[in-house]
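Visitor:
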Amino acid sequence: MDENRYTQFTKDVLVFLKRIPYGKVTTYGDVAKTAGYPNGTRQVVSILSSLSEKENLPWHRVVNKAGQVVLKGEGEFEQITLLQKEGVGFINENIVDMKNFKV
Numbered sequence: 195m196d197e198n199r200y201t202q203f204t205k206d207v208l209v210f211l212k213r214i215p216y217g218k219v220t221t222y223g224d225v226a227k228t229a230g231y232p233n234g235t236r237q238v239v240s241i242l243s244s245l246s247e248k249e250n251l252p253w254h255r256v257v258n259k260a261g262q263v264v265l266k267g268e269g270e271f272e273q274i275t276l277l278q279k280e281g282v283g284f285i286n287e288n289i290v291d292m293k294n295f296k297v
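For the sequence shown, the residue numbers in this note's numbering are 195 to 297.
(1) Does DSSP classify Asn294 as helix, strand or coil?
(2) Distance, Cα to Cα, Ile241 vs Leu265?
(3) Could you check if Ile214 is buried or exposed, using at least 16 other CB atoms within 10 Å of its CB as the buried criterion?
(4) If you draw a straight line from the alpha carbon of Val290 to that of Thr201, how long is it in whole angstroms?
(5) Take the Cβ of Ala226 as the centre, count every other Cβ of all protein chains shown within 10 Å, and call the residue buried at 16 or more, exposed below.
(6) From Gln237, Gly261, Val219, pick the residue whose C-alpha is nearest to that of Phe203; which is it?
(7) Less than 6 Å between C-beta atoms, sequence neighbours within five positions excluded: which residues of the same chain meet that for Ala229?
(8) Which residue's Cα is closest to the Cα of Tyr216: Lys279, Glu270, Lys293?
(9) Hey, which unbroken runs of the alpha helix (DSSP H) at 4 residues or more fall wholly within the segment 226–282?
(10) Can you find a C-beta in chain C that's less than 9 Å from the C-beta of Leu276?
(11) If you draw a straight line from the alpha carbon of Thr220 to that of Ile285, how long is it in whole angstroms?
Structure below.
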């Protein structure tokens, strides 16, 4: 992580994201709250979008508050596939079983 280039919020979010366990998911809002910024949900989305590859983030383990995979097209397919490979269960085609798989 390039400590000097990121805001404290970004640093805090990156630390939390990197700690999401294999086979578990969390929500964008919970990431923001845990990082100490309860109103930072949209910024979490932005961080995931811009830094997932560079920081090797487990982006696929983050869903919306309803447990829904919000990406569309190939991104949706990739996220669902990665989660299924980790053993994450779904209650329908794109909604994670949050009761059993949320951190």
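Glycine included, every Cβ here is placed at the ideal spot set by N, Cα and C. It should be emphasised that the depicted structure is a prediction, and the values quoted were computed from it without experimental measurement.
Guide: On the basis of the supplied data:
(1) Indexing the sequence shown from 1 puts residue 294 at position 100. Correct three-state label for Asn294: helix.
(2) Sequence index remark: in the sequence shown, residue 241 carries index 47 (1-based). Sequence index remark: in the sequence shown, residue 265 carries index 71 (1-based). One C-alpha to the other measures close to 15 Å.
(3) As a working note, residue 214 is residue 20 in the sequence shown. When all chains shown are included, Ile214 counts as buried.
(4) Along the sequence shown, read from residue 1 onward, the residue named residue 290 stands at position 96. Along the sequence shown, read from residue 1 onward, the residue named residue 201 stands at position 7. The straight-line gap from Cα to Cα measures roughly 31 Å.
(5) Position 32 of the sequence shown, counted from the first residue, corresponds to residue 226. Buried, since its Cβ has 16 or more Cβ neighbours within 10 Å.
(6) In the sequence shown, the residue the question calls residue 203 occupies position 9. If we check each option's Cα against that of Phe203, Gln237 comes out closest.
(7) Within the sequence shown, numbered from 1, the residue matching residue 229 stands at position 35. Answer for Ala229: Asp206, Val207, Phe210, listed in chain order.
(8) The count along the sequence shown starts at 1 and reaches residue 216 at position 22. The option with the nearest alpha carbon to Tyr216 is Lys279.
(9) 235–245, 268–279
(10) Going by chain labels, chain C is absent from the structure shown, which holds only one protein chain.
(11) Position 26 of the sequence shown, counted from the start, is the residue given in the question as residue 220. Position 91 of the sequence shown, counted from the start, is the residue given in the question as residue 285. Taking the straight line joining both Cα atoms gives about 16 Å.
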